[in-house]
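J.: Below you will find the structure I want to go over with you.
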């Protein structure tokens, strides 16, 4: 089974596992799961498994599916909090089924994660920790949005917890189940963490650009302008922020919109891109701990794709 | 360690496990957990463990705590959906911290359940199934409230899934970990299921009475009036409803309030009480599969307390 086939198997498993005789849970779960998405996280798990020499890809499918499910559960809940109306080109669960069912659908997906992970005793501990970090990261983000302030250290904590922890865990679990040595497991965890940080930085940049295009405010935006975005992110891979007290103060009426405007006006985007590039390079460097293989080459390319993508 | 001490240990574990460097998650979790509550579910787990001869109560504490946590997580989410303002004599998390943080606090508690349960491989499967049933039951209830219709079969499905599954699982896991024979495990699971049904029926009756007292509409309410509540519940322990199509149609403007009014006007409450009494008797009967012990006697009494309680 090649990687694409394995991803299809993950999709089938996701389809099957959310079956329920409670129609709305089944329908809403499939609505969001089958809207597509990049499936970066399950790919990480599958590739990490293969990269350390794992032989039976079927054994790792439930973990890859669980990783995608926990991510999806938080998306469904995020869309309640953010009042998001579209997700992956479809109406959000919240927009289509209302808040109560969106909340319960997210909870349902969390319980399905339990079910998928139940047979994997030791991996459950890793899974629990990364899920906890994910929820903590979301909470820090909500607290920052509410306060209208976001300093670099907080931004770094947020993206480390809400995104990089899940990427790291996804790769680590695949590597453990595939029988990797401690050094290989650690290298793949590091790879996941750094690609996760890079992924989120790029996501935030794309979000800024997309928003501005929608708003029609920033046509002809030059990528090489302003500064500060990357500076804010300086703590992201462990270096100290150059000015610990640097804070972006934003309009309380719509903190995120105002914050984004501020971002667009500086050199933030170019520096963010550079930061993401460095993280991807670091991630690729970690792969030296692995034997040469097709999976390892795919991981190398994946890090590049994460920073090159335009959506 | 006697049972009260063990429950205190569960409380301490709950306090400790929700610690987080994200202040709002820690504070909101402790706010709801430390408001008290009857702790019926963790008691079930502890007593089931002891009733089958379990020797080291410490090993079952994480499961008892996880059972209480998953219950608490759903309470926090329920209070978002129901706009509840008070819970256990305190403001709800939703009322005090707002919807976003209430949603994330519920998610956080779900992740802590994972963490507590991670070491218990086989029990995780039971835990996942009962949690899934719980969320399905909540969803069926929300769907019924939305449609403004609730027939007996649906009511029975709802209380079986949302309450009895958790009671059954709580007792079953305690019994398995305590080394019970398959017959004992099954008896305690049945005990939990039937006390769970009885508990929920009594809860619904108390809710009707409490509401009416608050509203001042039903002073001097006679318990022996009307009929239909118990009939609606007839499917609850497996018997067929006498009229499969019996449906209580309620006012769409406030379906639950109208539904409750309808309940109050019939013989529902007395029949509900009788149903709960039968279920408690069935539960007590299951205990015959166990050797005589203090824990078994406490379980016998617990079934009685569940139907006798007035709050």
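Protein chains in written order, with this note's numbering: chain C, 1 to 311; chain L, 1001 to 1311.
Every residue gets a Cβ at the ideal spot worked out from N, C-alpha and C, and that includes glycine.
Values in this document were obtained by computation on a predicted structure and should not be read as measured data.
1) Does the segment 194-203 of chain C come into contact with the segment 158-169 of chain C, if we say contact requires no fewer than three beta-carbon pairs (one atom in each stretch) closer than 8 Å?
2) Using only the alpha-carbon positions, how far apart do residue 95 of chain C and residue 310 of chain C sit?
3) If we define contact as Cβ-Cβ less than 8 Å, is residue 221 of chain C a contact residue for chain L?
4) Output yes or no for whether 8 Å exceeds the beta carbon distance between residue 192 of chain C and residue 168 of chain C.
5) Output the boundary residues of the beta strand (DSSP E) element that contains residue 287 of chain C.
6) Which residues, in order along the segment 1084-1115 of chain L, keep a beta-carbon less than 9 Å from a beta-carbon of chain C?
7) Determine whether the Cβ of residue 143 of chain C lies closer than 8 Å to any Cβ atom of chain L.
8) With three or more beta-carbon pairs closer than 8 Å as the criterion, would you say the segment 86-102 of chain C touches the segment 139-148 of chain C?
9) Run through the DSSP bridge pairs and tell me what residue 90 of chain C is partnered with.
10) What is the DSSP secondary structure of residue 19 of chain C, counted as helix, strand or coil?
11) So, does the CB of residue 1008 of chain L fall closer than 8 Å to a CB anywhere in chain C?
12) Does the beta-carbon distance from residue 302 of chain C to residue 51 of chain C come in below 8 Å?
13) Are residue 1276 of chain L and residue 1185 of chain L closer than 8 Å when you measure CB to CB?
14) Out of L/1189, L/1029, L/1049, L/1152, state which residue places its alpha-carbon closest to the alpha-carbon of residue 1268 of chain L.
15) What residues of chain L sit near residue 131 of chain C, judged by a beta carbon separation below 7 Å?
16) For residue 62 of chain C, which residues of its own chain have a beta-carbon under 6 Å away from its beta-carbon, when the five flanking residues on both sides are left out?
17) At the level of alpha carbons, what is the spacing between residue 1124 of chain L and residue 149 of chain C?
18) Just mark residue 187 of chain C as buried or exposed, buried being the case when its beta carbon has 16 or more other beta carbons within 10 Å.
19) Looking at chain L, is there any beta carbon in it that lies within less than 8 Å of the beta carbon of residue 71 of chain C?
20) Return the chain-ordered ranges of every beta strand (DSSP E) run that is complete within the segment 118-190 of chain C and spans a minimum of 3 residues.
21) Can you tell which of L/1110, L/1305, L/1077, L/1132 has the C-alpha that lies nearest to the C-alpha of residue 316 of chain C?
22) At the level of alpha carbons, what is the spacing between residue 1004 of chain L and residue 1066 of chain L?
23) Using CA atoms only, rank isn't needed, just tell me which of L/1018, L/1068, L/1189 is closest to residue 1104 of chain L.
24) With a cut-off of 8 Å, does the C-beta of residue 139 of chain C fall near any C-beta of chain L?
25) Where does the unbroken alpha helix (DSSP H) through residue 298 of chain C begin, and where does it stop?
26) By Cβ distance, which residues of its chain are closer than 8 Å to residue 1181 of chain L, with the 5 residues on each side in sequence left out?
27) Relative to the C-alpha of residue 1007 of chain L, which candidate in L/1023, L/1024, L/1029, L/1040 has its C-alpha closest?
28) Taking only the alpha-carbon atoms, compute the straight-line gap between residue 295 of chain C and residue 47 of chain C and give it to the nearest angstrom.
29) Comparing C-alpha positions only, which one of L/1128, L/1102, L/1027 sits nearest to residue 1081 of chain L?
30) Going by alpha carbons, who is nearest to residue 1338 of chain L out of L/1070, L/1023, L/1083?
31) Using beta carbons (cut-off 8 Å, strictly below), is residue 81 of chain C in contact with chain L?
32) Can you check whether the CB of residue 32 of chain C is closer than 8 Å to the CB of residue 60 of chain C?
33) Starting from the beta carbon of residue 1127 of chain L, find every residue of chain C whose beta carbon is closer than 8 Å, and list them in chain order.
34) Going along chain L, which residues have a C-beta under 9 Å from residue 288 of chain C?
35) Check whether chain C comes within 8 Å of residue 1018 of chain L, counting only Cβ atoms and requiring the distance to be less than that.
T.: Result, derived from the coordinates:
1) At 8 Å Cβ cutoff, the stretches touch.
2) Residue 95 of chain C sits at position 95 when you count from the first residue of the first chain. Residue 310 of chain C sits at position 310 when you count from the first residue of the first chain. In a straight line, the C-alpha of residue 95 of chain C is about 26 Å away from that of residue 310 of chain C.
3) Position 221 of the first chain, counted from the start, is the residue given in the question as residue 221 of chain C. Bear in mind that the predicted position of residue 221 of chain C carries a pLDDT of just 27, short of 50, making it too unreliable to give a figure here.
4) The residue given as residue 192 of chain C occupies position 192 in the first chain. The residue given as residue 168 of chain C occupies position 168 in the first chain. Their beta carbons are under 8 Å apart, which means residue 192 of chain C touches residue 168 of chain C by this criterion.
5) The residue you call residue 287 of chain C lines up with position 287 of the first chain. Secondary structure note for residue 287 of chain C: it is in no beta strand (DSSP E), with a DSSP letter that is neither H nor E.
6) Per Cβ criterion, the list reads 1098, 1099, 1100, 1101, 1103, 1104, 1105, 1106, 1107, 1108, 1110, 1111, 1112, 1113, 1114, 1115.
7) One-based indexing of the first chain puts residue 143 of chain C at position 143. Answer yes: the Cβ-Cβ gap between residue 143 of chain C and chain L drops below 8 Å somewhere.
8) Contact fails: fewer than three Cβ-Cβ distances are below 8 Å.
9) The residue you call residue 90 of chain C lines up with position 90 of the first chain. Secondary-structure assignment with DSSP links residue 90 of chain C through a beta bridge to C/87.
10) Here the question's residue 19 of chain C lines up with position 19 in the first chain. Three-state DSSP puts residue 19 of chain C in coil, outside helix and strand.
11) By 1-based counting over the second chain, the position of residue 1008 of chain L is 8. No, its Cβ sits nowhere closer than 8 Å to a Cβ of chain C.
12) Position 302 of the first chain, counting from 1, holds the residue named residue 302 of chain C. Position 51 of the first chain, counting from 1, holds the residue named residue 51 of chain C. Not in contact: residue 302 of chain C and residue 51 of chain C (Cβ atoms no closer than 8 Å).
13) Numbered from 1 along the second chain, position 276 holds the residue referred to as residue 1276 of chain L. Numbered from 1 along the second chain, position 185 holds the residue referred to as residue 1185 of chain L. Contact flag unset, no.
14) By 1-based counting over the second chain, the position of residue 1268 of chain L is 268. Checked all of L/1189, L/1029, L/1049, L/1152; the closest Cα to residue 1268 of chain L is L/1152.
15) If you number the first chain from 1, residue 131 of chain C lands on position 131. For residue 131 of chain C, the chain L residues whose Cβ falls inside 7 Å of its Cβ are 1111, 1114, in order along the chain.
16) Position 62 of the first chain holds residue 62 of chain C. Leaving aside the five residues that flank residue 62 of chain C on each side, the residues in its chain whose CB is nearer than 6 Å to its CB run, in chain order, 116.
17) Here the question's residue 1124 of chain L lines up with position 124 in the second chain. Here the question's residue 149 of chain C lines up with position 149 in the first chain. When rounded, the distance between both Cα atoms is 40 Å.
18) Within the first chain, residue 187 of chain C is the residue found at index 187, counting from 1. Label assigned to residue 187 of chain C: buried.
19) Position 71 of the first chain, counted from the start, is the residue given in the question as residue 71 of chain C. No, no contact with chain L.
20) Here the runs fully enclosed are 149-151.
21) Absent from the structure is residue 316 of chain C, since the part of chain C shown begins at 1 and ends at 311.
22) Here residue 1004 of chain L refers to the residue found at position 4 of the second chain. Here residue 1066 of chain L refers to the residue found at position 66 of the second chain. A straight-line Cα-Cα distance of about 18 Å links residue 1004 of chain L and residue 1066 of chain L.
23) Here residue 1104 of chain L refers to the residue found at position 104 of the second chain. Check the Cα spacing between residue 1104 of chain L and each of L/1018, L/1068, L/1189: the tightest is with L/1018.
24) Taking the first chain and counting its residues from 1, one reaches residue 139 of chain C at position 139. Under the Cβ criterion of 8 Å, residue 139 of chain C is counted among the residues facing chain L.
25) Residue 298 of chain C sits at position 298 when you count from the first residue of the first chain. Here the alpha helix (DSSP H) through residue 298 of chain C covers 294-308.
26) The residue labelled residue 1181 of chain L in the question sits at position 181 within the second chain. Short of 8 Å from the beta carbon of residue 1181 of chain L, and not among the five residues preceding or following it, lie these beta carbons of its own chain, in chain order: 1052.
27) Against the second chain, residue 1007 of chain L aligns to sequence position 7. Looking at the Cα atoms, L/1040 is the closest of the given residues.
28) In the first chain, the residue the question calls residue 295 of chain C occupies position 295. In the first chain, the residue the question calls residue 47 of chain C occupies position 47. Rounded to the nearest angstrom, the two C-alpha atoms are 5 Å apart.
29) By 1-based counting over the second chain, the position of residue 1081 of chain L is 81. The closest CA to that of residue 1081 of chain L, considering only L/1128, L/1102, L/1027, is found on L/1102.
30) No information on residue 1338 of chain L is available, as it lies outside the stretch 1001 to 1311 that chain L covers here.
31) Residue numbering aside, residue 81 of chain C sits at position 81 when the first chain is read from its first letter. Yes, contact with chain L.
32) Taking the first residue of the first chain as 1, we reach residue 60 of chain C at position 60. Taking the first residue of the first chain as 1, we reach residue 32 of chain C at position 32. For residue 60 of chain C and residue 32 of chain C, no; Cβs fall outside 8 Å.
33) Taking the second chain and counting its residues from 1, the one referred to as residue 1127 of chain L is at position 127. 114, 118, listed in chain order.
34) Your numbering for residue 288 of chain C matches position 288 in the first chain. For residue 288 of chain C, no chain L residue has a Cβ inside 9 Å of its Cβ, as the nearest lies near 32 Å away.
35) In the second chain, the residue the question calls residue 1018 of chain L occupies position 18. Residue 1018 of chain L does not count as touching chain C.
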